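Read the structure below first, then the notes.
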Amino acid sequence: PGKQATLGSFFAMP
Amino acid sequence: MLEARLAQAAVLKKTLDAIKELVTDANFDCSDGGISLQAMDNSHVALVSLLLRADGFEPYRCDRNLALGINLNSLSKVLRSAQNEDIITLKAADDPDNLSLTFESQNQDRISEYEMKLMDIDQEHLGIPETAYAAVITMPAAEFQRICRDLSGISESVTIDASKDGVKFASAGDIGNGSVTLKQTHNPEEPALSTSIELSESVTLTFSLKYLVNFTKATPLAGAVTLQMSNDVPLLVEYKMEGGYLRYYLAPKIQD
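Structure (structure tokens):
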């Protein structure tokens, strides 16, 4: 169920 | 230079066991505040954030900031040579090629000395925003481990639903479905065995159990675990230990 998100879509990348 | 003496090797051994399957190589960032690490897994779905505060060491000395690039599998192999009760001293020069590790038995009748090669790691630090989470759930770490393990037999995913009625972990798979609901409990004799649910609004999120099961390798570090959740943001799973914490962040599964 659902697609796995990555952290880059929530946290600021350097 | 860095010199950090830790009274119990077990803390470092258990910490390594809790992160080495998620992260292969990482910088241990040493400053006068202590030793920290932030690293994502290869798929960029999970992140580990470790802090071992300076006051957890005796003595602790770090003259200037150092990034010690370490292969966690190698460090784990070296730490296997330390007994749980050994005193560990970590030492590194200012521009180090090696990390020196000394393990002393409690009665100091055995001293083991190892040197481990360091590596250059070009590491991306993510900016994690300060978040006031809508749901903060504290429960026995062993209970969380059992729930994740049990539900991983049913499905690859778990939906965690925190509401005023409790927190429900539910999975559905090919063989059927299952759920575990925890109500708030209070055990004044043993606070670590209590479950507390602080809620400002209901939260429902779905996560991959593979990662959660991996996070529960930190169970030997702490009696309790805290899950912090808000809708549509990553889950924060925190194990607090004496002198620091081990935090994991996990991106949710989102509807297509």
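Residue numbers (our numbering), protein chains in the order written: chain G, 3 to 16; chain W, 449 to 704.
In this text, a Cβ means the ideal position worked out from N, Cα and C, and glycines have one as well.
Predicted model only: the values in this text are computed from it and were never measured.
Between the CA atoms of residue j and residue i - distance to the nearest angstrom
i      : j      : result
W/E561 : W/E578 : 41 Å
W/L499 : W/S479 : 11 Å
W/G691 : W/L527 : 20 Å
G/G4   : W/H634 : 35 Å
W/I467 : W/V459 : 13 Å
W/Q556 : W/E533 : 11 Å
W/A670 : W/N662 : 15 Å
W/K665 : W/P639 : 21 Å
W/P507 : W/Q456 : 13 Å
W/D609 : W/S603 : 16 Å
W/S529 : W/A590 : 27 Å
W/D570 : W/F476 : 12 Å
W/K525 : W/L464 : 10 Å
W/A620 : W/L599 : 9 Å
W/P636 : W/M587 : 14 Å
W/A540 : W/F617 : 45 Å
W/T537 : W/R509 : 11 Å
W/I535 : W/S548 : 14 Å
G/S11  : W/D543 : 35 Å
W/S644 : W/F592 : 13 Å
W/A580 : W/V493 : 21 Å
W/L454 : W/L641 : 28 Å
W/I483 : W/S491 : 25 Å
W/T472 : W/I576 : 21 Å
W/D622 : W/L485 : 39 Å
W/E572 : W/R501 : 22 Å
W/S627 : W/T607 : 9 Å
W/Y697 : W/L495 : 5 Å
W/S656 : W/A452 : 37 Å
W/L546 : W/A487 : Rather than Leu, the amino acid found at residue 546 of chain W in this sequence is Asn. If I take the Cα positions, the gap works out to 21 Å.
W/R512 : W/Q632 : 46 Å
Three-state secondary structure assigned by DSSP to residue i
i      : result
W/A582 : coil
W/V661 : helix
W/V459 : helix
W/D465 : helix
G/A14  : strand
W/A640 : helix
W/T472 : coil
G/T8   : coil
W/A672 : strand
Cβ separation of residue i and residue j, assumed to be a contact under 8 Å, to the nearest whole Å
i      : j      : result
W/L514 : W/L450 : 6 Å
W/K612 : W/L647 : 6 Å
W/L630 : W/M564 : That pair is no contact at about 42 Å.
W/Y649 : W/A582 : The residue asked about is misnamed: residue 649 of chain W is Glu in this sequence, not Tyr. Contact holds; Cβ gap of about 5 Å.
W/M689 : W/V651 : The Cβ separation is near 26 Å, so there is no contact.
W/L574 : G/L9   : 6 Å
G/A7   : W/K461 : Rounded, the Cβ-Cβ distance is 33 Å, inconsistent with contact.
For residue i: DSSP bridge partner residues
i      : result
W/Q632 : According to DSSP, which records beta bridges pairwise, W/Q632 is partnered with nothing at all.
W/E646 : W/V584
W/E451 : W/R509 and W/K539
W/I483 : W/C478 and W/L500
W/G692 : W/L500 and W/M689
W/I702 : G/K5
W/S678 : In the DSSP output, where bridge partners are listed per residue, W/S678 has none listed.
W/T654 : W/T607 and W/K701
Segments assigned alpha helix (DSSP H), at least 4 residues, entirely inside the segment 584 to 624 of chain W: 589 to 600
Secondary structure, beta strand (DSSP E): runs of 3+ residues fully inside the segment 492 to 574 of chain W: 494 to 501, 508 to 510, 514 to 519, 535 to 540, 546 to 552 and 559 to 565
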